[in-house]
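Here's the structure, in structure tokens; my notes come after.
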Amino acid sequence: MTKAVRRIGPAPEIKESINTVETPSSQILKAAQKDIEVPDSLGRIIKVRAITALQRMRMFEAIGALSRNEMYLGHASLACSVIAIDGEPVRFPSSKREVEALVDRLDNEGLAAAGVGLAKLNGAEIDPETGDLTFDRNGKEKAKNSAATPNL
Numbered sequence: 001m002t003k004a005v006r007r008i009g010p011a012p013e014i015k016e017s018i019n020t021v022e023t024p025s026s027q028i029l030k031a032a033q034k035d036i037e038v039p040d041s042l043g044r045i046i047k048v049r050a051i052t053a054l055q056r057m058r059m060f061e062a063i064g065a066l067s068r069n070e071m072y073l074g075h076a077s078l079a080c081s082v083i084a085i086d087g088e089p090v091r092f093p094s095s096k097r098e099v100e101a102l103v104d105r106l107d108n109e110g111l112a113a114a115g116v117g118l119a120k121l122n123g124a125e126i127d128p129e130t131g132d133l134t135f136d137r138n139g140k141e142k143a144k145n146s147a148a149t150p151n152l
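Note that the working numbering has the sequence shown beginning at 1, numbered continuously upward.
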């Protein structure tokens, strides 16, 4: 027969050291979850995040045949990248009606801000003199002209 032992007092603290290594997959997921806040010309703060491949598929499903219309798709893509307006979370649209309602809510000012935000997430900077978006192409030019790049 075994005896049960009852301990009085707090349980001993167990400390474990877990080394967490970021895998390439987790790095990609982490990068995809980056977001940015951009003010629109009406003073609203528009928070955007690049949409994932799955979200893009769901957007195509929601808007149906209109996904072949480049202008419609452009507006829908910008709207679907918005995750918050003035700190209020925005749910990802799941139907054509919801996409259009979000586009209507954002209007031109919000869509423009969403575009600026997505461009910044992709490495664009705003030129302080002109206010235009500029992309740093030095990295690409350096890689293209490096000795390691074969001339074809």
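Just so you know, even glycine gets a beta-carbon here, dropped at the ideal spot from N, CA and C.
The model shown is predicted, which means the values in this text are computed figures rather than measured ones.
- Task: Give the single residue among Met71, Met59, Glu109 whose Cα lies nearest to the Cα of Gly43.
- Result: Numbered from its first residue, the sequence shown carries residue 43 at position 43. The shortest C-alpha separation from Gly43 is found at Glu109.
- What is the C-beta distance between Ser25 and Ala62, in whole angstroms, given that I count them as a contact (C-beta under 8 Å)? Indexing the sequence shown from 1 puts residue 25 at position 25. Indexing the sequence shown from 1 puts residue 62 at position 62. The Cβ separation is near 27 Å, so there is no contact.
- Message: List, from N- to C-terminal side, the alpha helix (DSSP H) runs of 4 residues or more that fit wholly inside the segment 70-135.
- Response: 70-80, 96-121
- Message: Shorter than 7 Å, the distance from the beta carbon of Leu118 to the closest heavy atom of the ligand GTP, or not?
- Response: With respect to the ligand GTP, the structure shown offers nothing to examine, as it has no ligands at all.
- Task: Output the boundary residues of the alpha helix (DSSP H) element that contains Arg158.
- Result: Summary: the structure shown does not reach residue 158, with the chain confined to residues 1 through 152, and so no result is reported for it.
- Query: Can the beta-carbon of Val48 be found closer than 8 Å to that of Leu118?
  - Reply: Locating residue 48 in the sequence shown gives position 48, where the first residue counts as 1. Locating residue 118 in the sequence shown gives position 118, where the first residue counts as 1. Taking 8 Å as the Cβ cut-off, Val48 and Leu118 qualify as a contacting pair.
- Message: On the CB-based measure, 16 or more other CB atoms within 10 Å of its CB, does Ala143 come out buried or exposed?
- Response: As a first step, residue 143 must be located in the sequence shown, where it is residue number 143. Any reading at Ala143 is ruled out, since the residue's pLDDT is 39, under 50, leaving its predicted position unreliable.
- Query: To which residues does DSSP link Glu22 through a beta bridge?
  - Reply: Residue numbering aside, residue 22 sits at position 22 when the sequence shown is read from its first letter. Its beta-bridge partners do not exist; DSSP assigns none.
- Message: Checking the sheet assignment: what are the DSSP bridge partners for Asp35?
- Response: Taking the sequence shown and counting its residues from 1, one reaches residue 35 at position 35. In the DSSP output, where bridge partners are listed per residue, Asp35 has Arg49.
- Query: Do Ile46 and Val82 have their C-beta atoms closer together than 8 Å?
  - Reply: As a working note, residue 46 is residue 46 in the sequence shown. As a working note, residue 82 is residue 82 in the sequence shown. Taking 8 Å as the Cβ cut-off, Ile46 and Val82 qualify as a contacting pair.
- Item | Span separating the alpha-carbon of Gly115 from that of Gly74 | As a working mapping, residue 115 is identified with position 115 in the sequence shown. As a working mapping, residue 74 is identified with position 74 in the sequence shown. Between Gly115 and Gly74, the C-alpha separation is close to 10 Å.
- Determine the direct distance from the alpha carbon of Asp127 to that of Ile77, and round the result to whole angstroms. Here residue 77 refers to the residue found at position 77 of the sequence shown. Here residue 127 refers to the residue found at position 127 of the sequence shown. The sequence given here has Ser at residue 77, not Ile. Those two C-alpha atoms are separated by around 25 Å.
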